[in-house]
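Accompanying notes for the structure given below.
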Amino acid sequence: MAVEFSFEAGAEGKPHSHPHEQVGVFLRGKFEVTIGQDKKTALPGDSYYVAPNVVHGVKCLQAGAILDVFTPVREDFLPHG
16 MAVEFSFEAG AEGKPHSHPH EQVGVFLRGK FEVTIGQDKK TALPGDSYYV
66 APNVVHGVKC LQAGAILDVF TPVREDFLPH G
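Count the sequence shown with our numbering and you get residues 16 to 96, in order.
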């Protein structure tokens with residue numbers, strides 16, 4: 016499952032974890048990304064991997080977007096009805 020997330024400067028993806036594997040690519044903007052104990056600055060074209068159940072989050076330093084891919088599918092992201 017692929018999902019694009021857009022962020023305004025100052026917005027955060029609060030630290031969290033989930034049982035899914037996650038790979039992301041920074042499309043636009045500038046972000047501070049934390050995965051486990053590692054914290055880095057990310058720019059367009061940078062990518063990352065998050066293993067299942069590892070705490071991770073982002074802070075948007077300059078408005079931008081991230082493309083995330085999850086496996087298995089994030090059922091909590093699907094519309095119900």
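C-beta atoms are modelled at their ideal positions from N, C-alpha and C, and glycine is treated no differently.
Looking at the structure shown, is residue i part of a helix, part of a strand, or coil, going by DSSP?
i	result
aspartate 61	coil
glutamate 90	helix
alanine 24	coil
glycine 39	strand
Give me the residue from the options with the minimum Cα distance to residue i.
i	options	result
alanine 26	Ser32, Gly79, Gln52 and Tyr63	Gly79
aspartate 53	Val70, Gly39, Arg43 and Gln37	Val70
glutamine 77	Ala17, His35, Val48 and Pro30	Val48
Name, in chain order, the residues that DSSP records as bridge partners for residue i.
i	result
leucine 17	Sequence inspection shows alanine at residue 17; the leucine mentioned does not correspond to that position. Its beta-bridge partners are Val84.
valine 73	Gly28 and Val48
Using 9 Å as the threshold, is the C-beta distance between residue i and residue j below it?
i	j	result
isoleucine 81	glycine 39	yes
serine 21	asparagine 68	no
valine 65	glutamine 37	yes
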